[in-house]
Amino acid sequence: GIFVQWLRNTFLGWLLGVVLTIIAILAVDAIGVQGTQFLIGAGMGMGVGYVQARTVRRLFGESGRWLWVTVLGMALPFVVFDLTRILGAKLGYSLPLCVAAGGVLVGALQRGILRLHSERANWWIPASVVGWLLAAGTVVLNDRYLQEVLRRNLPGVLGALIYLGVILSGGLALGAVTGGALRWMLRTQSS
Numbered sequence: 008g009i010f011v012q013w014l015r016n017t018f019l020g021w022l023l024g025v026v027l028t029i030i031a032i033l034a035v036d037a038i039g040v041q042g043t044q045f046l047i048g049a050g051m052g053m054g055v056g057y058v059q060a061r062t063v064r065r066l067f068g069e070s071g072r073w074l075w076v077t078v079l080g081m082a083l084p085f086v087v088f089d090l091t092r093i094l095g096a097k098l099g100y101s102l103p104l105c106v107a108a109g110g111v112l113v114g115a116l117q118r119g120i121l122r123l124h125s126e127r128a129n130w131w132i133p134a135s136v137v138g139w140l141l142a143a144g145t146v147v148l149n150d151r152y153l154q155e156v157l158r159r160n161l162p163g164v165l166g167a168l169i170y171l172g173v174i175l176s177g178g179l180a181l182g183a184v185t186g187g188a189l190r191w192m193l194r195t196q197s198s
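Counting in the working numbering, the sequence shown runs from 8 upward without gaps.
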């Protein structure tokens, strides 16, 4: 059903987003630009938005805007952070804050597409925020808690695979939350 399609495609989009983000960061670092965060939002938005758009196309017959509102919504908070840092503000970087703001923007922009198909489309915004935050939480979990444990107890390939597996589970979290919300939103209003 729709939930399984959405879950699968969101996971695949998350995987693609991780790959795109790594490639973009390596490319930008190679030319000497370091510390930019917008590539995280843009890469993850591009991967997730691109693959989710395939499901949106099957459901609603159009998907062109889905990709771009996902990229824009997720990248913008990271761009704002980068610009404030460039302008001299001494803000500490917060992945959860950038992702929460991105989740609100992505949800609001995607809601504009979903409202044509569901009277419950307003619920997409909180579902988006929760889904994106849970997904980003896998990165925070790894960086704050697991990285040192894995390095000490499971060095090498096995530790790296566990680390990557935890991050990739973020796609399942995002897909489960937003897929459940989408399935509920598209149920007939009489049920």
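Where a beta carbon is used, it is the ideal one built from N, C-alpha and C, also for glycine.
Reduced DSSP category for residue i - H, G, I as helix; E, B as strand; rest coil
i    : result
S198 : Only weak support exists for where S198 lies, its pLDDT of 49 falling under 50; the value from the coordinates is given anyway. If DSSP states are grouped into helix, strand and coil, S198 belongs with coil.
T1   : Summary: the structure shown does not reach residue 1, with the chain confined to residues 8 through 198, and so no result is reported for it.
S135 : helix
G80  : helix
G68  : coil
F88  : helix
Span separating the alpha-carbon of residue i from that of residue j
i    : j    : result
V78  : C105 : 13 Å
L168 : E126 : 42 Å
M53  : W75  : 8 Å
L83  : G8   : 33 Å
Y57  : V25  : 13 Å
Y100 : M81  : 15 Å
I32  : R72  : 25 Å
V63  : I132 : 17 Å
G20  : L66  : 17 Å
A183 : L175 : 13 Å
Q41  : A34  : 10 Å
A108 : M51  : 14 Å
F10  : T185 : 9 Å
L140 : R122 : 23 Å
Endpoints, alpha helix (DSSP H) assigned at residue i
i    : result
Q117 : 102-121
A96  : That residue, A96, is in no alpha helix (DSSP H); it is neither H nor E in DSSP.
A128 : Segment: none, A128 is in no alpha helix (DSSP H) and carries neither H nor E.
N160 : 154-160
S176 : 164-193
R151 : Per DSSP, R151 belongs to no alpha helix (DSSP H) and is neither H nor E.
L9   : In the sequence as presented, Leu is not what sits at residue 9; that position holds Ile. 9-37 is the extent of the alpha helix (DSSP H) around I9.
Inter-residue CB distance, residue i and residue j (contact presumed, cutoff 8 Å)
i    : j    : result
F85  : G114 : With a Cβ gap of about 16 Å, F85 and G114 do not count as contacting.
G178 : T17  : 6 Å
G138 : A180 : 7 Å
A188 : A142 : Not confirmed; about 14 Å, so no contact.
V173 : T145 : 5 Å
P103 : V55  : P103 to V55, Cβ: 17 Å. No contact.
beta-carbon residue i near the ligand NAP non-hydrogen atom, thresh 8 Å
i    : result
G178 : Here there are no bound small molecules, and the ligand NAP is not part of this structure.
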